[in-house]
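Reading the sequence shown from the start, the letters are residues 11 to 279 in this note's numbering.
Virtual Cβ for every residue (Gly too), placed ideally from N, Cα, C.
Step one of this worksheet: look at the structure below.
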Amino acid sequence: MRLRASTIELALASAFAVTLPQLAVADQTDILTANNQIQLQAISTHVDYAEHDQSGILDSERGDVPGFGISYSAMWGNNYYLQLQYSRSNGDTRYVGQALIGGTGYGSVVDHSGATITDYRARLGRGFVLTDKVMLTPYGELGHHRWERGVNEGETYTHDYFGIGALAQYSPVPKLVLTANLLAGRTFNAHIDVAGAAPYAFSASLGDSDLYKAGIAADYAFTKNFHGTLGLDYTRFDYGDSAVSSGGFYEPDSRTRNTSVNVGIGYAF
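In structure tokens form, the structure reads like this:
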């Protein structure tokens, strides 16, 4: 009996020793698959822009601008993470402002303005497995933003930015991955170019500002390789006023609050 009991105990202990490491290894298959794909997205960006000084709002632009995006993401090795994104949108916004001469203040001029928005970004980070269904990926991001504004004879705003952020990814059921994203950063090299004849045309640096991003997304694997995605992203930053040009013009302080909705298809590799 002792021999038999010892044999049973040894067998149970061996089985437990084999099973325990397997239970401790998180199954991150769906998250890893979602992080290794090429995507094509249809995008609609709601632009919310306003210039202001001590007296209040000077002019604003609001509207939904359609566009597209292309992204590449990869997670390899010890969960190292890379994402590259390009997007471009083109459409019209509703301009509300005031006449330079004879205007009665904000709202005296209402018009439509063309808008072309171009964004580039690169993220590099590393994922950390929290549970079999959750991964947290801190990352650094570097990007460039360009807005070609159709107001007057054309104004182009550009800036670069850097930031630190994190992706929190959760797979509640097989094939579905939910993602939340937060980033805090800073703009730099902010600039404006105003087209037109002298003395209205000028080029100047703008004040830099803090930049914030937040987003949520869902990725669903219809097949092993074919994925569908849906996302919502919010970005906010400001531009500080420029120096006064030789013609006596300047760019005032402004704020930008853009919200983008995207629907995409992806190929997982």
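| Asked | Found |
| --- | --- |
| If you measure between the beta carbons of residue 92 and residue 42, is that distance less than 7 angstroms? | no |
| Where does residue 234 land, buried or exposed, given buried means 16+ other C-beta within 10 angstroms? | exposed |
| Compare the beta carbon distance of residue 174 and residue 206 with 7 angstroms and say whether it is the shorter of the two. | no |
| Pick helix, strand or coil for residue 218, following the three-state DSSP scheme. | coil |
| Is the number of C-beta pairs between the stretch 190-204 and the stretch 162-170 that are closer than 8 angstroms three or more? | yes |
| Skipping 5 residues on each side, what residues in its chain have a beta carbon closer than 6 angstroms to that of residue 67? | 60 and 116 |
| Could you tell me which whole beta strand (DSSP E) segments of length 3 or greater appear in the stretch 200-250? | 212-215, 220-231 and 236-249 |
| State whether the stretch 247-257 contacts the stretch 47-60, with contact taken as three or more CB pairs (one from each stretch) at a distance under 8 angstroms. | no |
| What's the C-alpha gap between residue 181 and residue 187? | 4 angstroms |
| Using DSSP with H/G/I as helix, E/B as strand and the rest coil, what is residue 43? | helix |
| Taking the beta carbon of residue 75 as the centre, do at least 16 other beta carbons fall within 10 Å, making it buried, or is it exposed? | buried |
| Here's the rule: buried if 16 or more other CB atoms are within 10 angstroms of the residue's CB, otherwise exposed. What is residue 141? | exposed |
| Does the distance between the C-beta of residue 258 and the nearest non-hydrogen atom of the ligand MG fall short of 6 angstroms? | No copy of the ligand MG occurs in the structure displayed, which carries no ligand at all. |
| Quick one: what's got a C-beta closer than 8 angstroms to residue 108's C-beta in the same chain, skipping five residues either side? | 68, 69, 114, 115, 116, 117, 118 and 119 |
| From what residue to what residue does the beta strand (DSSP E) around residue 268 run? | 263-278 |
| Drop a sphere of 10 angstroms on the beta-carbon of residue 277, count the other beta-carbons inside from all chains shown, and report buried for 16 or more, exposed for fewer. | exposed |
| Report the partner residues of residue 37 according to the DSSP bridge assignment. | Its beta-bridge partners do not exist; DSSP assigns none. |
| Going straight from the alpha carbon of residue 86 to that of residue 155, what length do you get? | 28 angstroms |
| Could you check the C-alpha separation between residue 219 and residue 169 for me, to the nearest Å? | 10 angstroms |
| So residue 103 is in the beta strand (DSSP E); what residue range does that whole segment cover? | 90-107 |
| Give a yes or no on whether the C-beta atoms belonging to residue 268 and residue 106 are separated by under 7 angstroms. | no |
| Under a three-way DSSP split, which group does residue 259 fall into? | coil |
| Taking just the CA atoms, how far does residue 209 sit from residue 171? | 31 angstroms |
| Buried or exposed, going by whether 16 or more other CB atoms sit within 10 Å of the CB of residue 131? | buried |
| Cα separation between residue 230 and residue 273? | 12 angstroms |
| Please report the straight-line C-alpha distance between residue 226 and residue 176, rounded to a whole angstrom. | 12 angstroms |
| What's the C-alpha gap between residue 40 and residue 46? | 10 angstroms |
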